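Chemist: Heads up, the numbering used here is the position in the sequence shown plus 79, with the first residue counted as 1.
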Amino acid sequence: MLITHYIFEEKISKNVNDIDAHKTSFLLSNKNLGYLLFSNSDKPRSRYEGVFFQMNNKPYRVVADIRRKNREIMEIVNKFYSVERRFDENREKFFMPYHMNSVAYELDDEEWISLILDVRDIYKIPEFGRFYNIFEENNTLVIRYTQEGEFDAFIAINGASEYKIIDKWELASYEFDRERNSMPHEIYVYNALKLKSDRVVISFSSERDSAIREAMYVYENFSMLKEKNKRMTEEFLMHRWNYVRNIKNDEIRFAYLCCLNSLYQLTTEDGIIAGLPWFFQYWTRDEL
80 MLITHYIFEE KISKNVNDID AHKTSFLLSN KNLGYLLFSN SDKPRSRYEG VFFQMNNKPY
140 RVVADIRRKN REIMEIVNKF YSVERRFDEN REKFFMPYHM NSVAYELDDE EWISLILDVR
200 DIYKIPEFGR FYNIFEENNT LVIRYTQEGE FDAFIAINGA SEYKIIDKWE LASYEFDRER
260 NSMPHEIYVY NALKLKSDRV VISFSSERDS AIREAMYVYE NFSMLKEKNK RMTEEFLMHR
320 WNYVRNIKND EIRFAYLCCL NSLYQLTTED GIIAGLPWFF QYWTRDEL
């Protein structure tokens, strides 16, 4: 697998063997206490992978996996504000609009993907009282999740030309969690549906109308929001460009840019998050 970092019309690439490629992953944040994290392997390796959003200032796991039929990755490209993965027959692209509660997913060519859900507080793993209800409203797919006796939440999905409801619970085994002795390393996730699309937006909220509005807005302004992410990220990195461009070693220069971007991704309107994907607190010792 080829790993490429690309920014300011510059790039650096490196081939990694299959064993090392299997252990790599990528992470993007929305600068709103949410993030996406996916392994570059044939299935997720941790319960901290997936797409996470904040609700009432607490992080929730929402999407456990976005599953394609072919998962053999030829190249992964880090563009600092978005990530692309190239396959033999297609290419997928991810970004999270900054300061929103959505994830945007693209494919070069339309195909079927499966949406696997696991709506819950990131630190809680309930075994019972979990209910999903899938319906359509205003040309938007809506999934209502109920954690009995605790909370309701809504997922809104825009961009599917066709869909099939699967409605099936599956046991997910997480290799990395097992290696870390982080329990539990097996949990049940919900195979909600299959979508046919080349561009999908998934939004999350405690309120149905809010989730629907945001999904529609992001879908209708997809390119503008992606360009906004690009501009904001590049403006941040440009503050250090006069220093960075004098670093002659390409690997060190890109490593420094990646470090700067990691700090930027951790920054929200409330402060600097301690560290993703495990620590969502704001600690003064990390911000000083």
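C-beta: ideal position from N, C-alpha, C; glycine also.
Because the structure is a prediction, the values reported are computed rather than measured.
1. In whole angstroms, what is the alpha-carbon distance linking residue 334 and residue 215?
2. Use the C-beta contact count for residue 208: other C-beta atoms within 10 angstroms, 16 or more gives buried, fewer gives exposed.
3. If you scan the stretch 130-174 from start to end, which runs of the beta strand (DSSP E) of 3 or more residues do you find wholly inside it?
4. What does the alpha-carbon distance come out to for the pair residue 352 and residue 238?
5. Which one of 297, 85 and 279 has the shortest CA to CA distance from residue 187?
6. Can you tell me which of the three DSSP states residue 187 falls into?
7. To the nearest whole angstrom, what separates the beta carbons of residue 166 and residue 152, a pair I think is in contact under 8 Å?
8. According to DSSP, simplified to helix, strand and coil, what is residue 127?
9. Identify which residue in 125, 206, 148 and 224 has its Cα closest to the Cα of residue 286.
10. In the DSSP assignment, find the unbroken beta strand (DSSP E) run with residue 341 in it and report its ends.
11. Which residues in the same chain have their Cβ closer than 8 Å to the Cβ of residue 170, if we skip the five residues on either side of it in sequence?
12. Among 80, 94, 139 and 189, which residue has its Cα nearest to the Cα of residue 358?
13. Can you tell me which of the three DSSP states residue 253 falls into?
14. In the structure shown, what three-state DSSP assignment does residue 209 receive?
15. Could you check if residue 360 is buried or exposed, using at least 16 other CB atoms within 10 Å of its CB as the buried criterion?
16. Could you tell me whether the stretch 290-310 touches the stretch 234-253, where touching means 3 or more Cβ pairs closer than 8 Å?
17. Between which two residues does the alpha helix (DSSP H) carrying residue 293 extend?
18. Under the DSSP definition of a beta bridge, which residues are partnered with residue 266?
19. Where does residue 239 sit, in a helix, a strand or coil, going by DSSP?
20. Please report the straight-line C-alpha distance between residue 115 and residue 326, rounded to a whole angstrom.
21. Specify whether the stretch 101-108 and the stretch 189-199 touch according to this definition: at least 3 beta carbon pairs, one from each stretch, less than 8 Å apart.
Modeler: On the basis of the coordinates in this document:
1. A direct Cα-to-Cα measurement between residue 334 and residue 215 gives close to 45 Å.
2. Residue 208 is exposed by the Cβ-count criterion.
3. List check, beta strand (DSSP E) in window: 137-146, 154-157, 162-165 and 170-174.
4. Computed Cα separation, rounded: 32 Å.
5. That would be 279, whose Cα lies nearest to the Cα of residue 187.
6. Of the three classes helix, strand and coil, the one that applies to residue 187 here is strand, per DSSP.
7. The beta carbons of residue 166 and residue 152 sit about 6 Å from each other, so the pair counts as a contact at 8 Å.
8. DSSP, read as helix, strand or coil, puts residue 127 in coil.
9. Checking every option, the nearest Cα to that of residue 286 belongs to 224.
10. It is not in any beta strand (DSSP E) - residue 341 instead sits in the alpha helix (DSSP H) that spans 329-345.
11. Result list for residue 170: 163, 164, 186 and 187, in chain order.
12. For residue 358, the nearest C-alpha among the options comes from 139.
13. DSSP, read as helix, strand or coil, puts residue 253 in coil.
14. Here residue 209 sits in strand by DSSP.
15. Around the Cβ of residue 360, a 10 Å sphere holds fewer than 16 other Cβ atoms; the residue is exposed.
16. Touching, yes, given that three or more Cβ pairs across the two stretches are closer than 8 Å.
17. For residue 293, the enclosing alpha helix (DSSP H) stretches over residues 287-299.
18. In the DSSP output, where bridge partners are listed per residue, residue 266 has 251.
19. Three-state DSSP puts residue 239 in coil, outside helix and strand.
20. Taking the straight line joining both Cα atoms gives about 30 Å.
21. No: fewer than three Cβ pairs fall under 8 Å.
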